[in-house]
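For reference, the structure is listed below as structure tokens.
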Amino acid sequence: MTPPPPPPESSASSTRRRVLTGDTPTGRLHLGHWVGSVANRVAMQDEYDCFFLIANMHAFTTRADKPGEIRESTIEIVKDWLSAGVDPERSTFVLQTEVPAIAELSWFFSMLIPFNRVMRNPTLKTEIDTKGLGDTYPFGFPMYTVGQCADILAFRPDWVPVGEDQVAHIELCREVARKFDVTYCGVNSKAEDEDFEKEGGVFPIPRALVGKVGRLVGTDGTNKMSKSLNNAIFLSDTPKQVKKKIGQMYPGQSREPTEPGNVEINPVFGYADTFIEDEAQVAELKDRYRKGDNLGDGHVKAAVIEAVNELLDPMRERRAALEGPEGDAKAVEILKAGTARANEVAEETLAMAKEAMGLGFWGRRITSD
Ligand code: TRP
Numbered sequence: 003m004t005p006p007p008p009p010p011e012s013s014a015s016s017t018r019r020r021v022l023t024g025d026t027p028t029g030r031l032h033l034g035h036w037v038g039s040v041a042n043r044v045a046m047q048d049e050y051d052c053f054f055l056i057a058n059m060h061a062f063t064t065r066a067d068k069p070g071e072i073r074e075s076t077i078e079i080v081k082d083w084l085s086a087g088v089d090p091e092r093s094t095f096v097l098q099t100e101v102p103a104i105a106e107l108s109w110f111f112s113m114l115i116p117f118n119r120v121m122r123n124p125t126l127k128t129e130i131d132t133k134g135l136g137d138t139y140p141f142g143f144p145m146y147t148v149g150q151c152a153d154i155l156a157f158r159p160d161w162v163p164v165g166e167d168q169v170a171h172i173e174l175c176r177e178v179a180r181k182f183d184v185t186y187c188g189v190n191s192k193a194e195d196e197d198f199e200k201e202g203g204v205f206p207i208p209r210a211l212v213g214k215v216g217r218l219v220g221t222d223g224t225n226k227m228s229k230s231l232n233n234a235i236f237l238s239d240t241p242k243q244v245k246k247k248i249g250q251m252y253p254g255q256s257r258e259p260t261e262p263g264n265v266e267i268n269p270v271f272g273y274a275d276t277f278i279e280d281e282a283q284v285a286e287l288k289d290r291y292r293k294g295d296n297l298g299d300g301h302v303k304a305a306v307i308e309a310v311n312e313l314l315d316p317m318r319e320r321r322a323a324l325e326g327p328e329g330d331a332k333a334v335e336i337l338k339a340g341t342a343r344a345n346e347v348a349e350e351t352l353a354m355a356k357e358a359m360g361l362g363f364w365g366r367r368i369t370s371d
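The sequence shown runs 3 to 371 under the working numbering.
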């Protein structure tokens, strides 16, 4: 998997630089999330101070009438993270709705970005299309993109590990950070991105870190892997489900094992590249497939199924320990502990931002019991 970038030189000090990213609890995580972002999160835990956020407020932008599902999905995603190897001893799990600073920063940030700029965001436009929202979406739907800037900037991170579809959101966040620092902290608008904090800005200009495969194709072989398109392999799928889903993939052509095949149009080879670690094995499969060297599609699929299951097996094991109401309670406990720590950082950021905006009247303390 993608190695994390080396920490910047400034990390010579004992404080680790920060990472923030998050997931909206509208369903379980799948292989697209893994290769785009989750693998990077797992890899960055030691070098960086990592914050992983459940964006449950954002889930309400499209499913305000389904609070039960959002709650369930919140717990499921925490379990997905734990199963994937995110370690609550090293990383901080954050529940968005219990971090008031995020909602407050969202208001301030919404004043720094033109309405039309928000509406031009290509990811937002795609979502409106694919989710069939037409012109009936709530006011809060486009607002989530500004909220996402606050999710990120509340933690003043250097890196935001995300899949390719999120890069447009990170760009908006970078614009907001620059605008804030220039408007309220006297940073020169021509300053280099790396220098914004040094020049007195409250916010660093965070960068997106896209994983090994930024956009994983779904089992339909064409669209991006996504729960709503019914083409996803979930991290929590059983070996049998994985076998069935990959087994049913259309290899892009109809051929006999002895006829030459086209690797380029066969999405199963895309998965082979992504999930089979042994490059020599992949090269051999491709070579034989191209030659029509008695290599059936079933053979390629079997190799991919094995590789995917090898990746998911340890996740299944960890998930088994989180089953039932006890597992749910454990997930909530982890969120609560992490969110307490997150509030310390986010409150500090908000206080710094307010100070810069001439709003530093008196302090406050957030507690939970
Ligand atoms: N919008 C992201 C998604 O749908 C989830 C998200 C919310 C996020 N807040 C974030 C991602 C902050 C990165 C940083 O996947």
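Ideal Cβ placement from N, Cα and C applies to all residues, glycine included.
Got a sec? Which residues, its chain only, sit under 8 Å from residue i by beta carbon, not counting five neighbours each side?
{"i": "Thr99", "result": "Asn58, Met59"}
{"i": "Gly298", "result": "Pro259"}
{"i": "Gln250", "result": "Thr221"}
{"i": "Gly373", "result": "In the structure as shown, the chain starts at 3 and stops at 371, and residue 373 therefore has no counterpart that could be examined."}
{"i": "Lys332", "result": "Leu324"}
In its own chain, which residues sit with a C-beta less than 7 Å from the C-beta of residue i, not counting the 5 before and 5 after it?
{"i": "Thr26", "result": "Ala57, His60, Ala61"}
{"i": "Ala358", "result": "Tyr186, Cys187, Val204"}
{"i": "Ile307", "result": "Val244, Lys245, Ile248"}
{"i": "Arg20", "result": "Tyr50, Asp51, Phe53, Phe157, Arg158, Pro159, Asp160"}
{"i": "Met227", "result": "His32, Leu33, Gly34, Leu218, Val219, Gly220, Asn233, Ala234"}
{"i": "Ile368", "result": "Pro102, Asn345, Glu349"}
{"i": "Gly340", "result": "Pro90, Thr94, Phe95, Val96"}
{"i": "Thr63", "result": "Pro140, Gly142, Phe143, Tyr146"}
{"i": "Glu328", "result": "none"}
{"i": "Arg321", "result": "Lys81, Ser85, Ser238"}
{"i": "Asn311", "result": "Pro241, Val244"}
{"i": "Ala274", "result": "Val284, Leu287, Val302, Ala305, Val306"}
{"i": "Ile207", "result": "Arg176, Ala179, Arg180, Asp195, Phe198"}
{"i": "Val44", "result": "Ala86, Gly87, Val88"}
{"i": "Ile130", "result": "Tyr139"}
{"i": "Ser39", "result": "Thr23, Pro163, Val164, Gly165, Gly213"}
{"i": "Ser13", "result": "Note on Ser13: pLDDT 43, under 50, position unreliable in the model; no value is reported."}
{"i": "Ala152", "result": "Ile104, Leu107, Ser108, Phe111"}
{"i": "Lys356", "result": "Gly362"}
{"i": "Arg290", "result": "Leu297"}
Going by DSSP, name the residue or residues bridged to residue i.
{"i": "Lys226", "result": "Val219"}
{"i": "Phe236", "result": "His32"}
{"i": "Val162", "result": "Ala210"}
{"i": "Glu54", "result": "According to the sequence shown, residue 54 is Phe rather than Glu. Partner(s): Thr23, Phe95."}
What are the boundary residues of the alpha helix (DSSP H) that includes residue i?
{"i": "Ser85", "result": "69 to 86"}
{"i": "Gln283", "result": "281 to 293"}
{"i": "Gln150", "result": "142 to 155"}
{"i": "Phe182", "result": "169 to 187"}
{"i": "Asn42", "result": "41 to 46"}
{"i": "Ile336", "result": "326 to 358"}
{"i": "Leu314", "result": "299 to 322"}
{"i": "Gly249", "result": "241 to 249"}
Which residues in the same chain have their Cβ closer than 6 Å to the Cβ of residue i, if we skip the five residues on either side of it in sequence?
{"i": "Ala353", "result": "none"}
{"i": "Asn296", "result": "Pro259, Thr260"}
{"i": "Gln150", "result": "His171"}
{"i": "Val169", "result": "Ala210"}
{"i": "Arg92", "result": "Gln47"}
Any chance the CB of residue i is under 8 Å from a heavy atom of the ligand SAM?
{"i": "Asp25", "result": "Absence of the ligand SAM from the depicted structure is noted, with the ligand TRP being the only ligands included."}
Quick check: the region 175 to 191 against the region 107 to 115, are at least 3 beta-carbon pairs closer than 8 Å?
yes
Between the region 64 to 78 and the region 239 to 246, do three or more beta carbon pairs fall short of 8 Å?
no
Three or more beta-carbon pairs under 8 Å between the region 28 to 36 and the region 217 to 236, yes or no?
yes
Scan the region 253 to 277 and note each continuous alpha helix (DSSP H) run of 4 residues or more that stays entirely inside, going in chain order.
269 to 277
Are the region 43 to 57 and the region 140 to 157 in contact at 8 Å, needing three or more beta carbon pairs?
yes
Segment contact flag, the region 301 to 317 with the region 17 to 26, C-beta cutoff 8 Å, min 3 pairs
no
Where are the alpha helix (DSSP H) runs, 4 residues long or more, that stay fully inside the region 109 to 145, in chain order?
117 to 121, 124 to 132
Closer than 8 Å is the cut-off here; do at least three beta carbon pairs connect the region 116 to 128 with the region 159 to 177?
yes
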